[in-house]
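K.L.:
Below is a structure I'd like to ask you about.
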């Protein structure tokens, strides 16, 4: 593999060089340009679902997800135009209106990536009518709890369970707005035979959907776990 | 052998035909539904084990596609087509009439389990819209009177010779 | 934008400001008072003409800015808010309940919550005589944030919004500027 | 088997068929069979025997004739006499009159007006003429000659060049040049390569692909083997909806026959070329027709699209280079190889060549399956081929391109059928559905219906499509129950724009088309709903529609 082959591109007017095959998101991040994202997480397979990392590439009318699009030589990428900012605000509002996101009463208050993003982008209200889902909270597991009313369907938990822990306890059921995260055959978490209780799902959850009973969020949240384990595994 | 064993043998044949390949999941689910009528949890667990797939994956796939049924359907099934042509030509009043006449809700079955009312997004019989399917038989250019009469005949077991 | 405050209409060159307390816990008002010494500067520029902090019975005409705390949960509040909107030039949704519904809207997940909530509050298994009093205003089917009922000019999220943020927003508006909320406000 | 063997089969078959003076083709496609076509077929066979004319009259089961609304239809050759609404009772009369006495039975004949006059049947060349369950029928009509020609006289690059010359563009909706696509896959380095034929016709109101498969399955198979030769793929899948049992049966039979005659499998026609074919079944998911979702589904997974790049031409099925092509595009290939790209270009427009199949339905006199040259106007389709609106009603709109197409008013009817013109008026080619609405239709409700469809069919992966469409639906619920406000129109426009630009796949990117086109052409109806709380069509504001929160 020509992993040291470097390519040069422009992001927000800055010339940068990255190894071939790097995604735009990573290329930007490594050069101090943070593109917002909720579903992407280093160490996991890119998903491209939340649509927050959309960027403009000069010469194409289409928008590209920075998390899945590899940086190409000579690319001219804009990450923060007014249009993109506006789209990100809409995306955050759609996520906040889709299920019950009431920060003040959420276990992840102050440790939530959706909340942080709303604050950062200046989303000071949600223009869409809010939806109040009423999924029962599953606290049947010894210490892991899932509140699907707060889930944003980023599938970080599903991917970390599959790729990093390797047990694939979690997956999605149904489709469209009825999509939900499930354990095994849609069992109560406590009845799941395959779950190892590794807690990684809670660590990577960007919101307060999966959490650990009786543990402070500051202690639970550790999204870097996926990257960290991947790096350790790849150690020669 | 019990019926269940016979069915399991049939399913095993299907699995073998597909070489127990993970990628044949949809085909296996199709066959399993044909053999058993619907896909219950035990069956899904069995298939997951046979294809060496995580149960959550199998469940996720089964529930993604609307063709797969996880509940036992009624003895007879009425499927109304909700395609554009049928909608334009007025399938909705027919559905309402069926609901009223047989006292069941869309997507559900009658209390005695004899009749289910299901939906499909277009069976491709658009030139004869609106279309309603009774078990495997398509009624084209349906009206509520015709459909209700045919359902009644079907429930009474009288064979309809006019088609 | 219309949000910039015009101080010239008031007699003493101070902007006529009102605060209103709908379905909320008064925490936002507490935070307003929590501006400490900054409130002294602010007081030189504003005149509070209505609200829980002052003794006025009727919502006056020609109010420049109204800070509305809390969501709209019942029919009375619905009328009050519409009245305020008519008499106010700049209406600010003040705090999470006003902006999102927050805790007060959690009942929206339940069907019939407009009835059940009252029964839960007033009836009890111990006292079979207890009943929902008939002078309680009828609850709306769903608790709503302000902007779903009337036009809102500005939003200050937070549960409660920090005193500094309140001060920043008011100061900017009084200076005829539009506050930039990026990275400043915080839900929850 | 080789070319001369094929020629021999064709000659034998032709001779066999020439022995018959008459041929009765009974359409047994899904449409007609729902009116009992198979029983009619049996009745004809019996009647022919009864009258002792089985030596001069061949009764054949065929695919779709086109006039699906007057089924079961029966075509008697020579002379292309079409009988409509044939029932078991008048079969004997037709045989007696037409075959025994030699006089067509006028009272049962179908007066189809101009239905066929403006059509050009290239893809549907054999539809209604041959028995789809007999490979000999296909061969006698010139089938598999193109494949033999490729294998014997053309290089893979030569085949691609011919397709490039023809200017054929993908018939699945997006209109990407087919030759270029083949080139991309041919040049991809990785092996093995795959072909996936898209027969997941999920658009409600569309049945063109199904009809093709039921009427002429070998045209699809031959196209796939040719494509396999051109791009060096040895394995293909036909991804077909499970809602099409008859098409599945016909295709399965065709594959078996092709295998037994060495037209599929190893060393096809005695050459080095191998190509194997399997069916894959969909299971009721519209989104599975999307290019990357179909791959997920064919791999046995949830049909959730993934972002491109990487493109399937480089990383498709099991991350190998994959050619995904609509079956109609594939069925064009044998014709182009046989007659040349230049010949193909003589049909349609210079930049948009050939023909396109449409299913024409809704409030129209002659609904059915049509194939028209590119460049024909919508007006000609609706009024000349379709015969206008029945019951003296007025035309209101035509929906072109399925649930994510556009609702076009009278003023756009002069628009011609090609990818760009349709895009200009707000519609898309889509998979070829044309639904006509008359004055009784409510356009707000129509847009709501399509939004509803797309919400149900959204895979749920990306935010704009999953959450955005649901928000849009709420606005429609408001408007159609009398709670609409003027600002809702603005909200519809802005949200639609966001969904189009930010969605992951074609479903989300086109789902707001009906909303935007109805807003563009029928805004007054929205205003009427919002301001006057009135629905002229009487569809909205009904109690049963009101969703009380």
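Residue numbers (my numbering), protein chains in the order written: chain A, 84 to 319; chain B, 369 to 531; chain C, 341 to 528; chain D, 56 to 604.
Here a beta-carbon is modelled for each residue, glycine too, at the ideal position from N, C-alpha and C.
1. Quick one: give me the first and last residue of the alpha helix (DSSP H) that residue 416 of chain D is part of.
2. What residues from chain C crowd round residue 288 of chain A, counting only those whose CB sits closer than 8 angstroms?
3. Which value, in whole angstroms, describes the spacing of the CA atoms of residue 45 of chain D and residue 382 of chain C?
4. Please look up how many angstroms separate the CB atoms of residue 160 of chain D and residue 102 of chain D, rounded, as I've assumed it's under 8 angstroms.
5. Tell me which residues of the region 197-228 of chain A have at least one Cβ-Cβ distance to chain C shorter than 8 angstroms, keeping chain order.
6. Have a look at residue 149 of chain A and residue 101 of chain A and give me their C-alpha separation to the nearest angstrom.
7. Which residues bound the beta strand (DSSP E) around residue 315 of chain A?
8. Using only the alpha-carbon positions, how far apart do residue 120 of chain A and residue 281 of chain D sit?
9. Within 8 angstroms (strictly less), CB to CB, does residue 174 of chain A reach chain D?
10. What are the residues of the region 280-304 of chain A that lie near chain B, defined by any Cβ-Cβ distance shorter than 8 angstroms?
11. By alpha-carbon positions, which one of D:514, D:530 and D:263 ends up nearest to residue 560 of chain D?
12. Is the beta carbon of residue 363 of chain C sitting closer than 8 angstroms to the one on residue 501 of chain C?
13. Determine the burial state of residue 589 of chain D: buried for a count of at least 16 other Cβ atoms within 10 Å of its Cβ, exposed for fewer.
14. Buried or exposed: where does residue 484 of chain C fall if 16 or more other Cβ atoms within 10 Å of its Cβ makes it buried?
15. What three-state label does DSSP hand residue 369 of chain C in the structure shown?
16. Anything in the region 428-439 of chain B with a Cβ closer than 7 angstroms to a Cβ of chain A? List those residues in chain order, please.
17. Could you tell me which chain D residues have their CB closer than 7 angstroms to the CB of residue 485 of chain B, listed as they occur along the chain?
18. Give the interface partners of residue 413 of chain B over in chain A, defined as CB-CB distance under 7 angstroms, in chain order.
19. Using a Cβ cut-off of 8 angstroms, pull out every chain A residue sitting near residue 425 of chain B, in sequence order please.
20. Comparing C-alpha positions only, which one of D:63, D:96, D:112 and D:62 sits nearest to residue 75 of chain D?
21. Mapping the DSSP letters down to three states, classify residue 254 of chain D as helix, strand or coil.
22. Determine the DSSP secondary structure at residue 387 of chain C, reduced to helix, strand or coil.
23. How about residue 259 of chain D and residue 417 of chain B: do their beta carbons lie closer than 8 angstroms?
24. Can you tell which of D:350, D:272 and D:329 has the C-alpha that lies nearest to the C-alpha of residue 312 of chain D?
25. Under 8 angstroms, do residue 520 of chain D and residue 566 of chain D count as touching if we go by C-beta distance?
26. Just the chain C side, please: which residues come within less than 8 angstroms of residue 183 of chain A by C-beta, in chain order?
27. In angstroms with no decimal places, state the Cα-to-Cα distance between residue 525 of chain C and residue 433 of chain C.
28. Quick one: does residue 601 of chain D have its CB under 8 angstroms from some CB of chain A?
29. So does the region 369-379 of chain D actually touch the region 400-415 of chain B, counting three or more Cβ pairs closer than 8 angstroms?
30. At a Cβ threshold of 8 angstroms, is residue 258 of chain A touching chain B?
31. Where does residue 631 of chain D sit, in a helix, a strand or coil, going by DSSP?
32. Spell out a yes or no on whether the region 118-126 of chain D and the region 261-272 of chain D are touching, meaning 3 or more CB-CB pairs, one atom from each, closer than 8 angstroms.
33. Out of D:328, D:489 and D:134, which one is the CA nearest neighbour of residue 203 of chain D?
34. In terms of alpha-carbon separation, which member of B:444, B:400, B:459 and B:490 lies closest to residue 470 of chain B?
35. Can you check which of these residues, D:78, D:219 and D:127, is closest to residue 157 of chain D by C-alpha distance?
36. Looking only at DSSP bridge pairs, what is residue 507 of chain B linked to?
P.N.:
To lay it out plainly:
1. Your numbering for residue 416 of chain D matches position 361 in the fourth chain. Premise fails: residue 416 of chain D lies in the beta strand (DSSP E), 410-417, not in any alpha helix (DSSP H).
2. Here residue 288 of chain A refers to the residue found at position 205 when the first chain is read from its first residue. Correct list: empty, because the minimum Cβ distance to chain C is about 17 angstroms.
3. Beyond the ends of chain D as shown, which are 56 and 604, falls residue 45 of chain D; an answer cannot be given.
4. By 1-based counting over the fourth chain, the position of residue 160 of chain D is 105. By 1-based counting over the fourth chain, the position of residue 102 of chain D is 47. 13 angstroms between Cβ atoms; not a contact.
5. Of all residues in the region 197-228 of chain A, 198, 201, 202, 203, 204, 205, 207, 208, 209, 210, 212, 213, 215, 216 and 217 have a Cβ within less than 8 angstroms of some Cβ in chain C.
6. Translated into positions along the first chain, residue 149 of chain A becomes position 66. Translated into positions along the first chain, residue 101 of chain A becomes position 18. CA-to-CA, the gap between residue 149 of chain A and residue 101 of chain A works out to about 14 angstroms.
7. Taking the first residue of the first chain as 1, we reach residue 315 of chain A at position 232. Counting along the chain, residue 315 of chain A sits inside no beta strand (DSSP E); it lies in the alpha helix (DSSP H) bounded by residues 308-317.
8. Here the question's residue 120 of chain A lines up with position 37 in the first chain. Here the question's residue 281 of chain D lines up with position 226 in the fourth chain. Rounded to the nearest angstrom, the gap between the Cα atoms of residue 120 of chain A and residue 281 of chain D is 44 angstroms.
9. The residue you call residue 174 of chain A lines up with position 91 of the first chain. Residue-level contact by beta carbon holds for residue 174 of chain A and chain D, with a gap shorter than 8 angstroms.
10. Residues passing the 8 angstroms Cβ filter: none.
11. One-based indexing of the fourth chain puts residue 560 of chain D at position 505. It is D:514 whose Cα lies nearest to the Cα of residue 560 of chain D.
12. As a working note, residue 363 of chain C is residue 23 in the third chain. As a working note, residue 501 of chain C is residue 161 in the third chain. Their beta carbons are not under 8 angstroms apart, which means residue 363 of chain C does not touch residue 501 of chain C by this criterion.
13. The residue labelled residue 589 of chain D in the question sits at position 534 within the fourth chain. Residue 589 of chain D should be labelled exposed.
14. As a position in the third chain, residue 484 of chain C is number 144, starting the count at 1. Counting Cβ neighbours within 10 Å, residue 484 of chain C comes out buried, since at least 16 surround it.
15. By 1-based counting over the third chain, the position of residue 369 of chain C is 29. DSSP places residue 369 of chain C within a helical segment (H, G or I) once states are collapsed to three.
16. If the cut-off is 7 angstroms between Cβ atoms, the region 428-439 of chain B has 428, 431 and 432 near chain A.
17. The sequence position of residue 485 of chain B within the second chain is 117, counting from 1. Neighbourhood of residue 485 of chain B in chain D, by CB distance below 7 angstroms: empty, with the nearest CB roughly 16 angstroms away.
18. On the second chain, residue 413 of chain B is found 45 positions in, with the first residue counted as 1. Residues of chain A with a Cβ closer than 7 angstroms to the Cβ of residue 413 of chain B are, in chain order, 268.
19. Looking up residue 425 of chain B in the second chain gives position 57. Against chain A, a Cβ distance below 8 angstroms from residue 425 of chain B picks out 251 and 254.
20. Working through the fourth chain from its first residue, we reach residue 75 of chain D at position 20. The alpha carbon of residue 75 of chain D has as its nearest neighbour, out of D:63, D:96, D:112 and D:62, the alpha carbon of D:112.
21. Locating residue 254 of chain D in the fourth chain gives position 199, counting from the first residue. In this structure, residue 254 of chain D counts as strand in the three-state DSSP scheme.
22. Start at 1 with the first residue of the third chain, and residue 387 of chain C comes out as number 47. Correct three-state label for residue 387 of chain C: strand.
23. Here residue 259 of chain D refers to the residue found at position 204 of the fourth chain. Here residue 417 of chain B refers to the residue found at position 49 of the second chain. No Cβ-Cβ contact shorter than 8 angstroms links residue 259 of chain D with residue 417 of chain B.
24. As a first step, residue 312 of chain D is located in the fourth chain; it is residue number 257 there, counting from the start. Nearest C-alpha to residue 312 of chain D: D:272.
25. One-based indexing of the fourth chain puts residue 520 of chain D at position 465. One-based indexing of the fourth chain puts residue 566 of chain D at position 511. By the CB criterion at 8 angstroms, residue 520 of chain D and residue 566 of chain D fall inside the cutoff.
26. Taking the first residue of the first chain as position 1, residue 183 of chain A is located at position 100. Around residue 183 of chain A, the beta-carbon contacts reaching into chain C at under 8 angstroms are 446 and 449.
27. In the third chain, residue 525 of chain C corresponds to position 185, counting from 1. In the third chain, residue 433 of chain C corresponds to position 93, counting from 1. So the two alpha carbons sit approximately 13 angstroms from each other.
28. Indexing the fourth chain from 1 puts residue 601 of chain D at position 546. With a pLDDT of 44 at residue 601 of chain D, under the threshold of 50, the modelled position of that residue is not reliable, and no figure is offered here.
29. Contact between the region 369-379 of chain D and the region 400-415 of chain B is absent, because fewer than three Cβ pairs lie under 8 angstroms.
30. Along the first chain, read from residue 1 onward, the residue named residue 258 of chain A stands at position 175. At a cut-off of 8 angstroms, the C-beta of residue 258 of chain A has a neighbouring C-beta in chain B.
31. Since the displayed chain D opens at 56 and closes at 604, residue 631 of chain D lies outside it and no answer follows.
32. A contact exists between the region 118-126 of chain D and the region 261-272 of chain D.
33. Mapped onto the fourth chain, residue 203 of chain D falls at position 148. That would be D:328, whose Cα lies nearest to the Cα of residue 203 of chain D.
34. Residue numbering aside, residue 470 of chain B sits at position 102 when the second chain is read from its first letter. The closest CA to that of residue 470 of chain B, considering only B:444, B:400, B:459 and B:490, is found on B:444.
35. Sequence index remark: in the fourth chain, residue 157 of chain D carries index 102 (1-based). For the residues D:78, D:219 and D:127, the minimum Cα distance to residue 157 of chain D belongs to D:78.
36. Here residue 507 of chain B refers to the residue found at position 139 when the second chain is read from its first residue. For residue 507 of chain B, the pairing in a beta bridge is given by DSSP as B:500.
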